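A.B. asks: Just dropping this structure here.
Right under this line is the structure:
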């Protein structure tokens, strides 16, 4: 068992190995992810019952919640891989942070945007300076900071480590996001899913929601693999295996 | 056969970590006191930014009373940001920083000492200037006292967190703007609680909880930020 873990660990040091395994996994991630997301969205948008108070406007939840979910967990994933970068100097960990930071920023923006669209009919305003919204906005700023720092440092190794430090410093913000609802207790409703409690929504509503969250996770996995593969090809374009790959694709 | 040369005893000067920190603080203070203009600049900036609000928004007493603490906090935050670029820059340019990294004393303690010196040179003067500006913004005595207390607790946090950004952007082009982009999001919680305390005091609510939270931020910043800054400094130095 220990031997196996060590082998896996060494393999993760090799971009070539990752490129191969990612190519095998990607069709599955894309296929299952698309099916789940589409099922969740179609079920949620067309078949789930309307909400008693909010009518049909609540249906944006099927986009809002998955993107908000992912926006936060991407940052946590980045923090975990940042530790790997700092401790083991693993190239793939840095590649992951680099690949997913823009994705996280886009999803954070999407969560804020759908939140604004949802807020208009329910709260009567596009934007409220509520704790949860504000900390989501801060999360977006944190993503921007990471992206900006990434592009400002040209040296590969020090860029990787500097970004890792910044991500770890920023992860202090995540608990503030999570607990701000309880701290300030304002307009935004508490989180929909909790691990400890049964969901308070009707099952016809939370099952499609869960499906679209899972679907988006898988699609994110696919996109992360794709972006990491692209970066690997860019960095290793002088190596033999990339050239062999290119000539094989060319024929 | 060459005659054996007796080994020269190396002059070993043992300096305790505390002593090294005190020396760093003293050196930074002395160096800055010889460049008085640099000391004054953040204060002038603080003063001018505060002046912009009555001119730009409204000189009404009711508005200023309500927004005053926020204006002062935002201005203090901005002028701290502005002064951060100098924190490591001179030492980086003349090589002192590399010597510091090579010292036997842990780097994070030396970074902590530098942050303390930075606070003494920028944060503390801001806190002392704040009451004057508070009077100009028509804040009442109680609010000014609470405001100064929050600034006293909050500005060291700004210096400590800012040191991380200053260390990360050391030696980069356009370091100043980049530094602000990286650090402003991290300043937001301090700002929220700083102004929240004054607002609570104005409404007659107890402020003990707020102050306790701000103290918690300070303790967290003192214990964690120097490690991040030290790590960032090593990265920036290996880059150059």
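Protein chains in written order, with this note's numbering: chain A, 567 to 817; chain B, 4 to 243. For each residue, glycine too, the CB sits at the ideal point set by N, CA and C. None of the values given here were measured: they were computed from a predicted structure.
For residue 779 (chain A) and residue 31 (chain B), I'd like the C-alpha separation in whole angstroms.
C.D. replies: Position 213 of the first chain holds residue 779 (chain A). Position 28 of the second chain holds residue 31 (chain B). Roughly 53 Å separates the two Cα atoms.
A.B. asks: Taking the straight line between their C-alpha atoms, what separation do you get for residue 825 (chain A) and residue 775 (chain A)?
C.D. replies: Chain A is shown only over 567 to 817; residue 825 (chain A) falls outside these bounds and no answer can be derived.
A.B. asks: Got a sec: which bits of the stretch 686 to 715 of chain A sit with their beta carbon under 7 Å from any beta carbon on chain B, in order along the chain?
C.D. replies: Within the stretch 686 to 715 of chain A, the qualifying residues are 704, 707, 708, 710, 711, 714 and 715.
A.B. asks: Within a Cβ cutoff of 6 Å, which residues of the same chain sit near residue 743 (chain A), ignoring the five residues on either side of it in sequence?
C.D. replies: Indexing the first chain from 1 puts residue 743 (chain A) at position 177. For residue 743 (chain A), the predicted structure reports a pLDDT of 49, less than 50, and the residue's modelled location is therefore unreliable. A value from the coordinates is still provided. Counting only Cβ-Cβ distances below 6 Å, and skipping sequence neighbours, we find 701.
A.B. asks: Please look up how many angstroms separate the CB atoms of residue 605 (chain A) and residue 771 (chain A), rounded, as I've assumed it's under 8 Å.
C.D. replies: As a working note, residue 605 (chain A) is residue 39 in the first chain. As a working note, residue 771 (chain A) is residue 205 in the first chain. About 14 Å separates the two Cβ atoms, so there is no contact after all.
A.B. asks: With a cut-off of 8 Å, does the C-beta of residue 242 (chain B) fall near any C-beta of chain A?
C.D. replies: Translated into positions along the second chain, residue 242 (chain B) becomes position 239. Judged by the 8 Å Cβ criterion, residue 242 (chain B) is in contact with chain A.
A.B. asks: I'd like the span of the alpha helix (DSSP H) that includes residue 72 (chain B), first residue to last.
C.D. replies: As a first step, residue 72 (chain B) must be located in the second chain, where it is residue number 69. Per DSSP, residue 72 (chain B) belongs to the alpha helix (DSSP H) from 64 to 87.
A.B. asks: Out of B:121, B:187, B:180 and B:107, which one is the CA nearest neighbour of residue 17 (chain B)?
C.D. replies: Mapped onto the second chain, residue 17 (chain B) falls at position 14. The shortest C-alpha separation from residue 17 (chain B) is found at B:107.
A.B. asks: Whole angstroms is fine: what's the gap from residue 150 (chain B)'s alpha carbon to residue 706 (chain A)'s?
C.D. replies: To locate residue 150 (chain B), count along the second chain from 1; it is residue 147. To locate residue 706 (chain A), count along the first chain from 1; it is residue 140. Their Cα atoms are separated by approximately 29 Å.
A.B. asks: How long is the line joining the alpha carbons of residue 690 (chain A) and residue 76 (chain B), rounded to whole angstroms?
C.D. replies: In the first chain, the residue the question calls residue 690 (chain A) occupies position 124. In the second chain, the residue the question calls residue 76 (chain B) occupies position 73. Roughly 31 Å between the two C-alpha positions.
A.B. asks: Would you identify the three-state DSSP class for residue 802 (chain A), choosing helix, strand or coil?
C.D. replies: Within the first chain, the letter at position 236 stands for residue 802 (chain A). Three-state DSSP puts residue 802 (chain A) in coil, outside helix and strand.
A.B. asks: Find out if the Cβ-Cβ distance for the pair residue 664 (chain A), residue 802 (chain A) is shorter than 8 Å.
C.D. replies: For this step, residue 664 (chain A) is matched to residue 98 along the first chain. For this step, residue 802 (chain A) is matched to residue 236 along the first chain. For residue 664 (chain A) and residue 802 (chain A), no; Cβs fall outside 8 Å.
A.B. asks: Kindly indicate if chain B contains any beta-carbon less than 8 Å away from that of residue 605 (chain A).
C.D. replies: The residue labelled residue 605 (chain A) in the question sits at position 39 within the first chain. No, its Cβ sits nowhere closer than 8 Å to a Cβ of chain B.
A.B. asks: Quick check: what's the CA-CA separation for residue 751 (chain A) versus residue 202 (chain B)?
C.D. replies: The residue labelled residue 751 (chain A) in the question sits at position 185 within the first chain. The residue labelled residue 202 (chain B) in the question sits at position 199 within the second chain. Residue confidence is low: residue 751 (chain A) scores 46 on pLDDT, short of 50, so the model does not pin down where it sits. No coordinate-derived value is stated.
A.B. asks: Going by the C-beta, is residue 188 (chain B) closer than 7 Å to any heavy atom of the ligand MN?
C.D. replies: The ligand MN is not part of this structure, which contains no ligands at all.
A.B. asks: Spell out whether any CB of chain B is found under 8 Å from the CB atom of residue 735 (chain A).
C.D. replies: Position 169 of the first chain, counted from the first residue, corresponds to residue 735 (chain A). Yes, residue 735 (chain A) lies at the interface with chain B (some Cβ there is under 8 Å from its Cβ).
A.B. asks: Does the distance from the C-beta atom of residue 132 (chain B) to that of residue 48 (chain B) stay below 8 Å?
C.D. replies: For the purposes of this step, residue 132 (chain B) is taken as residue 129 along the second chain, with counting starting at 1. For the purposes of this step, residue 48 (chain B) is taken as residue 45 along the second chain, with counting starting at 1. Against a cut-off of 8 Å, the Cβ pair of residue 48 (chain B) and residue 132 (chain B) comes out as no contact.
A.B. asks: Using DSSP's beta-bridge definition, name the partner residues of residue 770 (chain A).
C.D. replies: For the purposes of this step, residue 770 (chain A) is identified with residue 204 of the first chain, where counting begins at 1. Paired residue(s): none; residue 770 (chain A) is not in a bridge.
A.B. asks: Which partner residues does residue 797 (chain A) have in the DSSP bridge list?
C.D. replies: Here residue 797 (chain A) corresponds to residue number 231 of the first chain, with the count starting at 1. In the DSSP output, where bridge partners are listed per residue, residue 797 (chain A) has none listed.
A.B. asks: Anything in chain A within Cβ reach of residue 167 (chain B), meaning under 7 Å, just list it in chain order.
C.D. replies: Locating residue 167 (chain B) in the second chain gives position 164, counting from the first residue. Per Cβ cutoff of 7 Å: 735.
A.B. asks: Rounded to the nearest angstrom, what separates residue 635 (chain A) and residue 661 (chain A) at their Cα positions?
C.D. replies: Position 69 of the first chain holds residue 635 (chain A). Position 95 of the first chain holds residue 661 (chain A). Using only the alpha carbons, I get a separation of about 22 Å.
A.B. asks: Should the stretch 74 to 88 of chain B be called in touch with the stretch 139 to 158 of chain B, which here means at least 3 C-beta pairs below 8 Å?
C.D. replies: Yes, the stretch 74 to 88 of chain B is in contact with the stretch 139 to 158 of chain B.
A.B. asks: Within 8 Å, do at least three Cβ pairs link the stretch 110 to 123 of chain B to the stretch 229 to 243 of chain B?
C.D. replies: With a cut-off of 8 Å, the stretch 110 to 123 of chain B and the stretch 229 to 243 of chain B count as touching, because enough Cβ pairs lie within range.
A.B. asks: Output yes or no for whether 8 Å exceeds the beta carbon distance between residue 118 (chain B) and residue 171 (chain B).
C.D. replies: Counting from one through the second chain, the residue named residue 118 (chain B) turns up at place 115. Counting from one through the second chain, the residue named residue 171 (chain B) turns up at place 168. Not closer than 8 Å, so no.
A.B. asks: Pairs of beta-carbons, one from the stretch 190 to 202 of chain B and one from the stretch 713 to 730 of chain A, closer than 8 Å: are there three or more?
C.D. replies: Output reads no: the stretch 713 to 730 of chain A does not touch the stretch 190 to 202 of chain B.
A.B. asks: Should residue 153 (chain B) be labelled buried (16 or more other beta-carbon atoms within 10 Å of its own) or exposed?
C.D. replies: Counting from one through the second chain, the residue named residue 153 (chain B) turns up at place 150. Buried is the call here.
A.B. asks: Leaving aside the five residues before and after residue 643 (chain A) along the sequence, list all residues of the same chain whose C-beta is less than 8 Å from its C-beta, in chain order.
C.D. replies: As a first step, residue 643 (chain A) must be located in the first chain, where it is residue number 77. 662 and 666, listed in sequence order.
A.B. asks: With residue 546 (chain A) as the anchor, note down where its alpha helix (DSSP H) starts and where it stops.
C.D. replies: Within the shown structure, residues of chain A are numbered from 567 to 817, placing residue 546 (chain A) beyond reach of any answer.
A.B. asks: So what does DSSP say about residue 690 (chain A), is it helix, strand or coil?
C.D. replies: Locating residue 690 (chain A) in the first chain gives position 124, counting from the first residue. Correct three-state label for residue 690 (chain A): coil.
A.B. asks: At least one CB of chain A closer than 8 Å to the CB of residue 231 (chain B): is that the case?
C.D. replies: Within the second chain, numbered from 1, the residue matching residue 231 (chain B) stands at position 228. Yes, residue 231 (chain B) counts as interfacial toward chain A.
A.B. asks: Write down the C-beta distance between residue 179 (chain B) and residue 96 (chain B) rounded to the nearest angstrom, noting that I regard them as a contact closer than 8 Å.
C.D. replies: As a working mapping, residue 179 (chain B) is identified with position 176 in the second chain. As a working mapping, residue 96 (chain B) is identified with position 93 in the second chain. Incorrect: roughly 15 Å between the Cβ atoms, too far for contact.
A.B. asks: Given a limit of 9 Å on CB to CB distance, which residues of the stretch 181 to 193 of chain B reach chain A?
C.D. replies: So the list reads 181, 184, 185, 186, 187, 188, 189, 191 and 192, given in the order they occur along the chain.
A.B. asks: What does residue 660 (chain A) reach in chain B if we use C-beta pairs closer than 8 Å?
C.D. replies: What you label residue 660 (chain A) is simply residue 94 of the first chain in a count that begins at 1. Within 8 Å Cβ-Cβ: nothing; residue 660 (chain A) doesn't reach chain B, min ~13 Å.
A.B. asks: Using a Cβ cut-off of 8 Å (strictly closer), state whether residue 113 (chain B) contacts chain A.
C.D. replies: As a working mapping, residue 113 (chain B) is identified with position 110 in the second chain. No, its Cβ sits nowhere closer than 8 Å to a Cβ of chain A.
A.B. asks: At 7 Å on the CB atoms, spell out the chain A contacts of residue 32 (chain B), in chain order.
C.D. replies: The sequence position of residue 32 (chain B) within the second chain is 29, counting from 1. Neighbours of residue 32 (chain B) on chain A: none; closest Cβ ~27 Å, over 7 Å.
A.B. asks: Show which residues of chain B have a CB atom less than 7 Å away from the CB atom of residue 727 (chain A).
C.D. replies: One-based indexing of the first chain puts residue 727 (chain A) at position 161. By Cβ distance, chain B contributes 238.
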